[in-house]
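Residues 33 to 173 in this note's numbering are what the sequence shown spells out, letter by letter. Ideal Cβ placement from N, Cα and C applies to all residues, glycine included. Bear in mind that the values here come from a model prediction, so they are computed numbers and not experimental data. Scroll down for the structure; my scribbles are underneath it.
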Amino acid sequence: MVYSPVMARARQRARLKRPRVRIKTPPLLYDATQRVISRIQRSVDGAFLTYWTSTSGSVCDNDVMALHELLQALGPQKQLTLFVKSDGGSGMAALRLVHLMRRYAKKVTVVAPLNCASAATMLALGADTIQMGPLSFLTAV
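The structure is reproduced here in structure tokens:
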């Protein structure tokens with residue numbers, strides 16, 4: 033294939049501007065957080081999962097796939113406790129998450145200590161019990 037000089041220069045620049053691979057590191061206080069989660073896990077009946085989206089993230093279809101893998105590995109549960117902190121996202125993904133939890137657990141409890149907004153509110157409303165603290169809030173969906 034023959035490229036014009038302009039196209040050849042553009043292709044060359046594109047090759048030079050390839051993004052660097054970004055290496056992800058565990059967040060600050062990762063080890064301390066894992067210790068707290070382990071303590072909570074021991075104090076609840078059944079499985080304990082955390083669902084925490086960053087401010088730039090949201091409830092999405094990829095989360096449905098990830099939760100499915102986790103629940104398949106855990107197998108059926110009498111009780112599932114889900115710690116939720118999220119600003120929301122896809123309502124359809126939230127419904128799919130609720131259906132998955134319902135398929136694998138007889139009773140679902142959502143613990144929402146902070147923001148549980150929009151699609152995350154839908155997720156919480158799909159639980160049998162919602163536990164909230166003084167800084168918690170749900171929003172319109």
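Q: Ignore the nearest five residues each way along the sequence and tell me which others in A149's own chain have a CB closer than 6 Å to its CB.
A: D119, G120 and T171
Q) How would you write the range of the beta strand (DSSP E) that V142 sits in, first residue to last? A) A137 to A144
(Q) Bridge partners for N205 per DSSP, in chain order? (A) Not covered by the structure: residue 205. The range shown for the chain is 33 to 173.
Q. Pick from G89, L81 and P145: whose alpha carbon is nearest that of S122?
A. G89
Q) So, are the CB atoms of V116 and A144 less than 8 Å apart? A) yes
**Q.** Three-way DSSP call (helix, strand, coil) for T161 in this model
**A.** strand
Q: For S70, name the three-state secondary structure that DSSP assigns.
A: helix
(Q) To the nearest angstrom, how far is the alpha carbon of G165 from that of V91? (A) 22 Å
Q | 8 Å CB neighbourhood of L102 in its chain, flanking five on each side removed | A | L81
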